[in-house]
Amino acid sequence: MKLPRRRFLHLAAGAAALPAISRIARAESYPTRPVRIMVGYPAGTAPDIIARLVGQGLSERLGQSFVIENRPGAAMNIATEAVVKSPPDGYTLLLVGATNAINATLYANLTFNVVHDIAAVASIGSTPFVMVINPTLPAKTVPEFIAYAKANPGKINMASAGNGTAPHLCGELFKMMAGIDMLHVPYRGNYMPDLLSGQVQVMFTAIGTVIDYIRDGKLRALAVTTASRVGTLPDVPTVGESVPGYEASPWLGIGAPKSTSTEIIDKLNPEINAVVGDSQTKARLVGLGVEPMSMTPADFGKLIANETEKWAKVIRAANIKVE
Numbered sequence: 188m189k190l191p192r193r194r195f196l197h198l199a200a201g202a203a204a205l206p207a208i209s210r211i212a213r214a215e216s217y218p219t220r221p222v223r224i225m226v227g228y229p230a231g232t233a234p235d236i237i238a239r240l241v242g243q244g245l246s247e248r249l250g251q252s253f254v255i256e257n258r259p260g261a262a263m264n265i266a267t268e269a270v271v272k273s274p275p276d277g278y279t280l281l282l283v284g285a286t287n288a289i290n291a292t293l294y295a296n297l298t299f300n301v302v303h304d305i306a307a308v309a310s311i312g313s314t315p316f317v318m319v320i321n322p323t324l325p326a327k328t329v330p331e332f333i334a335y336a337k338a339n340p341g342k343i344n345m346a347s348a349g350n351g352t353a354p355h356l357c358g359e360l361f362k363m364m365a366g367i368d369m370l371h372v373p374y375r376g377n378y379m380p381d382l383l384s385g386q387v388q389v390m391f392t393a394i395g396t397v398i399d400y401i402r403d404g405k406l407r408a409l410a411v412t413t414a415s416r417v418g419t420l421p422d423v424p425t426v427g428e429s430v431p432g433y434e435a436s437p438w439l440g441i442g443a444p445k446s447t448s449t450e451i452i453d454k455l456n457p458e459i460n461a462v463v464g465d466s467q468t469k470a471r472l473v474g475l476g477v478e479p480m481s482m483t484p485a486d487f488g489k490l491i492a493n494e495t496e497k498w499a500k501v502i503r504a505a506n507i508k509v510e
């Protein structure tokens with residue numbers, strides 16, 4: 188039987204539209220079963236707690252369980268690889284963060300590329316860092332610290348949580364942009380006793396870990412690493428006020444396997460934004476030292492790409508190697 192041309196074109200157009208209609212229908216009904224959020228940190232750590240807050244909010248809003256699955260090890264690489272290899276159906280998500288952007292250059296043999304293999308879904312927040320020094324140093328401002336460092340090259344010890352960690356890279360970026368020399372001292376365990384005793388003199392770290400020491404006068408806060416001042420330390424300037432262009436704030440968000448449909452991502456993004464924007468969740472995030480931050484998938488994707496490029500330059504310039 189020969190079909191009239193108009194009838195044939197109508198049927199062909201309808202057939203072509205079926206996959207798109209099917210995707211939209213699946214997205215509208217998504218999720219129909221529990222969703223896993225892979226977390227590359229042990230249970231009970233701050234990133235794990237943050238993921239659980241977001242997962243709980245999504246469970247309440249979408250009527251399905253969002254289950255946290257901890258896959259610690261290899262600086263988030265184990266969890267990330269598991270998500271990269273998962274079906275792109277929206278049922279396996281990743282707590283993605285600044286560590287992923289750092290790892291892209293720090294680890295030479297990764298089997299994935301976070302920029303290309305993880306689809307950005309939504310941001311959660313950033314973690315403001317603060318530059319603190321032992322009060323035995325005479326500096327009371329960033330310019331005074333830079334002047335002291337230039338007058339005493341190599342005599343200032345900078346503590347970090349290990350080679351290639353965010354505190355280390357924040358300090359290396361500061362060294363590069365300020366034109367100073369400091370000796371990096373990586374720690375595998377607790378660095379705080381040495382910082383308080385003055386064996387190491389400076390540290391870039393999350394505000395929440397040192398806020399009590401700052402208030403008690405045991406450590407001196409010179410500047411925060413964010414682009415603008417933060418509410419928890421309103422009188423402390425930013426590093427950028429003295430070193431123009433400096434900004435270094437670790438961040439967290441949600442990612443998915445690269446081929447996850449835009450319909451599912453576009454459904455998750457506003458839901459995650461709503462969870463992060465909820466007053467109770469926001470208060471708990473702030474209590475964990477996180478500044479809530481909502482972005483579109485496109486903007487979050489740009490952040491991941493830009494951060495990956497930024498830290499690649501620092502890692503190569505400072506010749507940083509993993510331990």
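Each residue of the sequence shown is one higher than the last, beginning at 188 in my numbering.
Glycine included, every Cβ here is placed at the ideal spot set by N, Cα and C.
Per DSSP, what are the beta-bridge partners of residue i in this structure?
i	result
Ala309	Ile441
Ala408	Val319
Ile224	Ile255, Leu280
Met390	Val319, Ala346
Thr425	Val411
Glu478	Ser313
Anyone know if the C-beta pair for residue i and residue j falls short of 9 Å?
i	j	result
Ala261	Met225	no
Glu359	Ile451	no
Arg407	Ile398	no
Ser415	Gly277	no
Lys445	Val271	yes
Leu475	Ser310	no
Taking residue i as part of the alpha helix (DSSP H), name the residues at either end of that continuous run.
i	result
Asn257	Premise fails: Asn257 lies in the beta strand (DSSP E), 253–257, not in any alpha helix (DSSP H).
Leu383	379–384
Arg239	233–249
Val473	466–474
Asp486	484–505
Gly365	For the record, residue 365 in the displayed sequence is Ala; it is not Gly. Per DSSP, Ala365 belongs to the alpha helix (DSSP H) from 353–365.
Lys337	329–338
Glu268	264–271
Asp304	301–304
To the nearest angstrom, report how far apart residue i and residue j are at their CA atoms.
i	j	result
Ala346	Val387	6 Å
Thr328	Gly427	12 Å
Ala353	Pro437	7 Å
Val222	Ala269	14 Å
Gly395	Val241	20 Å
Tyr335	Ala326	7 Å
Asn460	Pro479	9 Å
Ser384	Lys405	9 Å
His303	Pro484	14 Å
Does residue i pass the burial test, meaning 16 or more other C-beta atoms within 10 Å, or should it be called exposed?
i	result
Asn321	buried
Ala393	buried
Lys337	exposed
Arg258	buried
Glu494	buried
Leu370	exposed
Ala291	buried
Can you tell me where the beta strand (DSSP E) holding residue i begins and where it ends?
i	result
Asn344	344–347
Pro373	370–373
Thr413	Unbroken run through Thr413: none, as it is neither H nor E.
Taking Cβ positions only, does residue i come closer than 9 Å to chain C?
i	result
Glu331	You won't find chain C in this structure, because it holds only one protein chain.
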